[in-house]
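As you go down the protein sequences, you meet chains G and Y in turn. Plus 217 on top of the position in the first sequence (first one is 1) and you've got this note's numbering. Plus 217 on top of the position in the second sequence (first one is 1) and you've got this note's numbering.
Protein chains: 2
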Amino acid sequence: MEQEQDLDLCCQEEQVHTGALERVRELMPRDETLYDLAELFKIFGDSTRVKMLYALLEGELCVCDLASLMEVSQSAVSHQLRVLKASKLVKFRREGRTVYYSLADEHVLSILSQGMEHIMEE
Amino acid sequence: MEQEQDLDLCCQEEQVHTGALERVRELMPRDETLYDLAELFKIFGDSTRVKMLYALLEGELCVCDLASLMEVSQSAVSHQLRVLKASKLVKFRREGRTVYYSLADEHVLSILSQGMEHIMEE
DNA sequence: TGAATATATGAACAAGTGCTCATACGATAA
DNA sequence: TTATCGTATGAGCACTTGTTCATATATTCA
């Protein structure tokens, strides 16, 4: 009870922002959605995975190709591909004993590009 | 030596993809850039921070407002704001003892939107 | 000055993450 | 079948991360 009150009151005496708070509360996506969104960005938040996604922008590559590019073990790449698959960021096709991975859709490029723009300025 | 060879050779006998690999190597951003990019996405990869950024899309809010919205402690919000500041995703202005935070630029919206598009389909 | 309020920060800890190592699986060829 | 190659997976571990708690800093007001 007390906690809930503390959460609703802003800075105890100043109710100045309660209007803004209500508006924000209405416009914000559901908690579950925001959680999923964070989960997605978490995937992009690892340099090995970002590197893999960038490599796949040029076209499909097999696990061994990726391992070579990343300069990490085949096992590590395989583990990360599993993560990327689970998030539907990559898809794959099997050809003999080789498995080729490629980007699942064009959102990957969009997201990478927007991020790149931010870090590039200044 | 042997390791380096293993890294350059793809799947031992199949040199089929070496052409593709060289092309990818040329077109890929520098390792340092990819690392910075991952660091940026790491910021978005936490539900508390994503929620904070979404809230700030509507306009500036003080620390206490944000704590109220996030339903976490003021201390936690303050720690996260520090992270967001360091990445130049938010800026702030002081008014008396209150500090108002707002988004640093429009890239935040772009990045959030692209991510949202991805999780929304299917 | 001293009290109160808003925010910031350091330490500590539980939970999560990405790697390596060993091994298993799946497909091909002898 | 057996051997080999490409890939996948489970266990274990070092490292990171986000929170809480306590406290410090900064601003206002009496």
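Where is the CB? At the ideal position from N, CA and C, for every residue including glycine.
Can you tell me where the alpha helix (DSSP H) with residue i in it begins and where it stops?
i: serine 304 of chain Y; result: Counting along the chain, serine 304 of chain Y falls outside any alpha helix (DSSP H), and DSSP gives it neither H nor E.
i: glycine 332 of chain Y; result: 324 to 337
i: methionine 269 of chain G; result: 264 to 273
i: glutamate 256 of chain G; result: 248 to 261
Please report the residue range of the beta strand (DSSP E) in which residue i lies.
i: leucine 320 of chain G; result: 315 to 320
Please state whether DSSP places residue i in a helix, a strand or coil.
i: cysteine 228 of chain G; result: coil
i: arginine 240 of chain Y; result: helix
i: arginine 299 of chain G; result: helix
i: glutamate 288 of chain Y; result: coil
i: glutamate 312 of chain G; result: strand
i: glutamine 220 of chain G; result: At glutamine 220 of chain G the pLDDT is 33, less than 50, meaning the model places this residue with poor confidence; the figure from the coordinates comes in the next sentence. Helix.
For residue i, go through chain Y and note every residue whose CB falls closer than 8 Å to its CB, in chain order.
i: glutamate 275 of chain G; result: Ala237, Arg240, Val241 and Leu244
i: serine 319 of chain G; result: Here the premise fails: no neighbours, minimum Cβ distance about 12 Å.
i: leucine 301 of chain G; result: Result: empty, since nearest Cβ-Cβ is about 12 Å, beyond 8 Å.
Would you mind working out which of the options sits nearest residue i, comparing C-alpha positions?
i: methionine 365 of chain G; options: G:Leu301, G:Arg314, G:Arg310 and G:Glu312; result: For residue 365 of chain G there is no data in the structure shown, the boundaries of chain G being 218 and 339.
i: glutamate 239 of chain Y; options: G:Leu283, G:Glu239, G:Phe258 and G:Leu251; result: G:Leu283
i: methionine 287 of chain G; options: Y:Val267, Y:Glu288, Y:Ile328 and Y:Asp248; result: Y:Asp248
i: methionine 245 of chain G; options: Y:Ser330, Y:Ala237 and Y:His335; result: Y:Ser330
i: phenylalanine 354 of chain Y; options: Y:His335, Y:Glu323 and Y:Leu306; result: Nothing can be reported for residue 354 of chain Y: it is not among the residues displayed for chain Y, which extend from 218 to 339.
i: alanine 237 of chain Y; options: G:Asp263, G:Ala303, G:Val267 and G:Leu273; result: G:Leu273
i: alanine 276 of chain G; options: Y:Cys281, Y:Val280, Y:Thr315 and Y:Val241; result: The displayed chain sequence assigns glycine, not alanine, to residue 276 of chain G. Among Y:Cys281, Y:Val280, Y:Thr315 and Y:Val241, the Cα nearest to that of glycine 276 of chain G is on Y:Val241.
i: leucine 255 of chain Y; options: Y:Ser304, Y:Val316 and Y:Val280; result: According to the sequence provided, residue 255 of chain Y is alanine. The question's leucine does not apply to it. Comparing Cα-Cα distances from alanine 255 of chain Y to each of Y:Ser304, Y:Val316 and Y:Val280, the minimum goes to Y:Ser304.
i: cysteine 228 of chain G; options: Y:Ser295, Y:Glu323 and Y:Val280; result: Y:Val280
i: arginine 266 of chain G; options: G:His335, G:Val325, G:Glu338 and G:Phe309; result: G:Val325
i: isoleucine 336 of chain G; options: Y:Tyr318, Y:Glu323, Y:Phe309 and Y:Leu298; result: Y:Glu323
Going along chain G, which residues have a C-beta under 9 Å from residue i?
i: leucine 261 of chain Y; result: Per the sequence shown, residue 261 of chain Y should be read as phenylalanine rather than leucine. The answer, in chain order, is Leu254, Ala255, Leu257, Phe258, Lys259, Phe261, Gly262 and Gly332.
i: alanine 293 of chain Y; result: Per Cβ cutoff of 9 Å: no residues; alanine 293 of chain Y is ~13 Å from chain G at best.
i: valine 267 of chain Y; result: Leu251, Tyr252, Leu254, Ala255 and Phe258
Could you work out which residues of chain Y lie near residue i, taking near to mean beta carbons separated by less than 9 Å?
i: tyrosine 271 of chain G; result: Val241, Leu244, Met245, Pro246, Leu251 and Leu254
How many whole angstroms separate the CB atoms of residue i and residue j, which I take to be in contact at a CB cut-off of 8 Å?
i: glycine 332 of chain G; j: phenylalanine 258 of chain Y; result: 6 Å
i: leucine 278 of chain Y; j: histidine 234 of chain G; result: 7 Å
What in chain G is Cβ-close to residue i, meaning under 7 Å?
i: histidine 296 of chain Y; result: Residues of chain G passing the Cβ test: none, with the nearest at roughly 16 Å.
Note down, in chain order, every chain G residue with its Cβ under 8 Å from the Cβ of residue i.
i: serine 290 of chain Y; result: Those do not exist, as serine 290 of chain Y stays about 10 Å from chain G at its closest Cβ, beyond 8 Å.
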